[in-house]
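K.L.:
Take any residue in the sequence shown, count from 1 to its spot, add 4: that is its number in this note's numbering.
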Amino acid sequence: MHSVLWHHTKPSKTRLTTMSKIENFPILKNDTILRVCKGLPVPYTPVWIMRQAGRYLPEFQAVRKDHDFFEICRIPELVCEVTLQPIRRFSLDAAIIFSDILVIPQALGMEVVMEPGVGPQLSTPLSDPKDLLRLDWSVDIKSLLHYVYEAVRLTRHRLEGRVPLIGFAGAPWTLMTYMIEGGGSKTFAKSKRWLYVYPEPSHRLLGLLTRAVTDHLVQQVLAGAQVLQIFESHAGVLSPDLFTTFVLPCLQQIYTGVRSCLQNQHDFSAGECPPIIMFAMGGHYALKEIASAGFEVVGLDWTINPRWARQTIGPLVTLQAEFGRDKKARAIQYTFKKSHSIS
5 MHSVLWHHTK PSKTRLTTMS KIENFPILKN DTILRVCKGL PVPYTPVWIM RQAGRYLPEF
65 QAVRKDHDFF EICRIPELVC EVTLQPIRRF SLDAAIIFSD ILVIPQALGM EVVMEPGVGP
125 QLSTPLSDPK DLLRLDWSVD IKSLLHYVYE AVRLTRHRLE GRVPLIGFAG APWTLMTYMI
185 EGGGSKTFAK SKRWLYVYPE PSHRLLGLLT RAVTDHLVQQ VLAGAQVLQI FESHAGVLSP
245 DLFTTFVLPC LQQIYTGVRS CLQNQHDFSA GECPPIIMFA MGGHYALKEI ASAGFEVVGL
305 DWTINPRWAR QTIGPLVTLQ AEFGRDKKAR AIQYTFKKSH SIS
């Protein structure tokens, strides 16, 4: 995924604040991405890679040879190592914690394995509403996903202030599709059937996932994450009506829930809350609604014309626009001021 970010035309005059109340982390030396996410001036174009810790790196392959994918995710030392590998190799402006969106279904009690050459597989997907009883409705995200937060904290220290650290989570609808389909899908027929045939149980499941995602993002911030990203990877399989009915309320609740928890329970000021990037793949039909949900940055997939998006959304939200999926641009994220031209 390869993106260009334009900040809004009226940059805030508020100074960028740090979250020193969390822990005594090393002083941040490069805050360029934080500044552009918040609409502040930047001296140059910062770069980061969405999946920058992964199989394209020989040093990651060396780690992967001896460890299962989710085993790596559960060992903070290994997470820290693979997160830092691309930072050592390339001149990047952010690190993104190595993890997976499916740690949340795992925390809810579902078994998830990463099959080589296939991808994530859930052995006992949800077939009908009775299966919701198998989930942990009183899940303690902080306890069950402690290894993620330990890895975030360790990585913040090991970065030594070189670049900011990005935390992330999958959005509720995307997680729901995996939990029902049992893996990836081309049609998502089973998941969409739930919305039509079982609307009330669908709302309940999405509500559970919304709370879990909110808790997960908050805990990553408390552990040291300086930017958050939410991935609604399967927005494109829904009609606008289904998105508005089932998905958008969850995204709004996550944004307000994260900020409310940080400010009301952890004494963050508004300026200390990290910016949140909302990326809804295929969500062009709901761009204005997503932007209105409060997110500091709205991600665009490669099918959306950034100029059209800017005209549609207006000037007050930063845009993350994905480049075309050619080999030269693969997996690179660029961050630009709005004044930069597009050729």
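Think of the CB as a built atom: it goes at the ideal place given N, C-alpha and C, for glycine as much as any other residue.
(1) Rounding to the nearest angstrom, what Cα-Cα distance links Thr307 and Glu236 in this structure?
(2) From this set, Asp132, Gln110, Leu304, which residue's C-alpha is nearest Val201's C-alpha?
(3) Just to confirm before moving on: does the CB-CB distance between Met285 and His238 stay below 8 Å?
(4) Apply the 10 Å Cβ neighbour rule to Ala57 and answer buried if 16 or more other Cβ atoms are within range, or exposed otherwise.
(5) At what residues does the beta strand (DSSP E) containing Phe172 begin and finish?
(6) Quick one: grab the DSSP three-state call for Lys17.
(7) I believe Thr159 touches Ile76 by the beta-carbon criterion, under 8 Å. Please report the beta-carbon distance rounded to the nearest angstrom.
(8) Measure from the alpha carbon of Asp97 to the alpha carbon of each residue in Ile145, Ser103, Asp70, Lys33, then state which is nearest.
(9) Contact between the region 40-58 and the region 115-134: three or more CB pairs below 8 Å?
(10) Checking 8 Å against the spacing of the C-beta atoms, do Phe64 and Val86 come in under that value?
(11) What is the DSSP secondary structure of Asp70, counted as helix, strand or coil?
(12) Nearest CA to the CA of Phe73: which residue from Val46, Pro120, Leu61?
(13) Would you report the Cα separation of Lys194 and Met180, rounded to the nearest angstrom?
(14) Any idea what DSSP makes of Trp306, helix, strand or coil?
(15) Exposed or buried, which one is Leu213 when buried takes at least 16 other CB atoms within 10 Å?
P.N.:
Taking the definition as stated:
(1) Roughly 16 Å separates the two Cα atoms.
(2) The candidate whose alpha carbon is nearest that of Val201 is Asp132.
(3) In contact: Met285 and His238 (Cβ atoms closer than 8 Å).
(4) Around the Cβ of Ala57, a 10 Å sphere holds 16 or more other Cβ atoms; the residue is buried.
(5) Start and end: 169-174.
(6) Because Lys17 carries a pLDDT of 42, less than 50, the predicted location of this residue cannot be relied on, and the following value inherits that uncertainty. Assigned with DSSP and collapsed to three states, Lys17 falls in coil, not helix or strand.
(7) With a Cβ gap of about 13 Å, Thr159 and Ile76 do not count as contacting.
(8) For the residues Ile145, Ser103, Asp70, Lys33, the minimum Cα distance to Asp97 belongs to Lys33.
(9) Judged by pairs of C-beta atoms under 8 Å, the region 40-58 does not touch the region 115-134, as fewer than three such pairs exist.
(10) Yes; because the gap between Cβ atoms is below 8 Å, this pair is in contact.
(11) In the structure shown, Asp70 sits in coil (DSSP, three-state: anything other than H, G, I, E or B).
(12) Nearest neighbour of Phe73 by Cα position, chosen from Val46, Pro120, Leu61, turns out to be Pro120.
(13) Lys194 and Met180: Cα-Cα distance of roughly 11 Å.
(14) If DSSP states are grouped into helix, strand and coil, Trp306 belongs with coil.
(15) Taking every protein chain shown into account, the CB of Leu213 has 16 or more other CB atoms within 10 angstroms, so this residue is buried.
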